[in-house]
Structures are given as C-alpha cells and as structure tokens.
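**Q**
In the numbering used here, the protein residues as written are 1255 to 1409.
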C-alpha cells in the first residue's frame, strides 16, 4: 500500500457526515504524511525505531534538519500529530468532530505531501539527506552505511 491511499481516504471521510468520519479523516491525513516522511528518511539509510518512539523521533529528526523547509514540515507534522491524537483518543473533545476541521487538516496534509515531494531534486535531496543523517546520529539513531559501489566492468 502507498501512503497516498491514506490521503485519498481522508478526503472521502472529510466529505462524510458523521463525527467518526471527521475523526478518522484527521487520523488518516496524519498517517499519509507520516508514512511518506518515513519512506524519505529510510531512503537516506536512517533507521527510525519501531512503533513506540517512531512518531516522536521522526518529528525530532525533521525539526532538527538544517534545511528550513524540512524543519518547517517537521513542525507541521507535529501539529498534525497532536490533532490526530485528539481525534483518536480524546472522545470528549468535540472540536475534532467537525468536517470543516477535517477538511482543513486534509488540505494541510496535501500541502505537506507536496512539500515533501518538492525535496526531490537530486542536488537538494543529497544535501537534505546529508543533514538528516548527521542529525540522526546526534539523536542516537542508526544510520546504515552507504552501499558499496558496483565492481568495475571488465573489458
């Protein structure tokens, strides 16, 4: 499954009619961005720990990146994470039950997904990857070694 499937589902849920639709939309919007960011981080050979710490470590890593755009995405991901927590666990909090809020957060997620995609130019992505790997080590995360270059071809 691709993370974009969560974003598509969040959009459909934001057009629903129930409080549960709004709450579920907010949650799926967050997970669309979270999983997309995890794929980018993994492509840089950074190992994010399993379930318990993964959300906070990913946020710390992105927020600590020297690239301002990456750090800004990390901050917004943290905001979206807090909204997801309210939607998933605070059943007495009716503020996360409005479809207007769900739609707004779906738009926020859409913006974040586009911003992550825009990191993709080769030179910029290499610079981002380097700063992410350096900060990952500061956070105590594992960074896997670069793959060995292929052997030279014989004539």
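Don't be surprised by glycine CBs; every beta carbon is placed ideally from N, CA and C.
Which of helix, strand or coil does DSSP assign to residue 1300?
**A** Correct three-state label for residue 1300: strand.
**Q** Assess, as a yes-or-no matter, whether the segment 1295–1311 is touched by the segment 1355–1364 under the definition of 3 or more beta carbon pairs within less than 8 Å.
**A** Cβ pair count under 8 Å is below three, so no.
**Q** Use the C-beta contact count for residue 1310: other C-beta atoms within 10 angstroms, 16 or more gives buried, fewer gives exposed.
**A** Exposed, because fewer than 16 other Cβ atoms sit within 10 Å of the Cβ of residue 1310.
**Q** Considering only the beta carbon of each residue, do residue 1353 and residue 1270 sit closer than 8 Å?
**A** It is a contact, given that the beta carbons lie within the stated cut-off.
**Q** Counting Cβ pairs, one atom from each stretch, are 3 or more of them under 8 Å apart for the segment 1337–1348 and the segment 1314–1321?
**A** Short answer: they don't touch.
**Q** Using the beta-carbon count (16 or more within 10 Å), is residue 1407 buried or exposed?
**A** The residue is exposed, with fewer than 16 neighbouring Cβ atoms inside 10 Å.
**Q** Whole angstroms are fine: how far does the CA of residue 1255 sit from the CA of residue 1289?
**A** Roughly 11 Å separates the two Cα atoms.
**Q** Using a Cβ-Cβ cut-off of 7 Å (strictly less than) and excluding sequence neighbours within five positions of residue 1390, which residues of its own chain qualify?
**A** Correct list, in chain order: 1300, 1315, 1397.
**Q** What does DSSP give as the partner residue(s) for residue 1287 in the beta ladder?
**A** Residue 1287 pairs with nothing; no bridge assigned.
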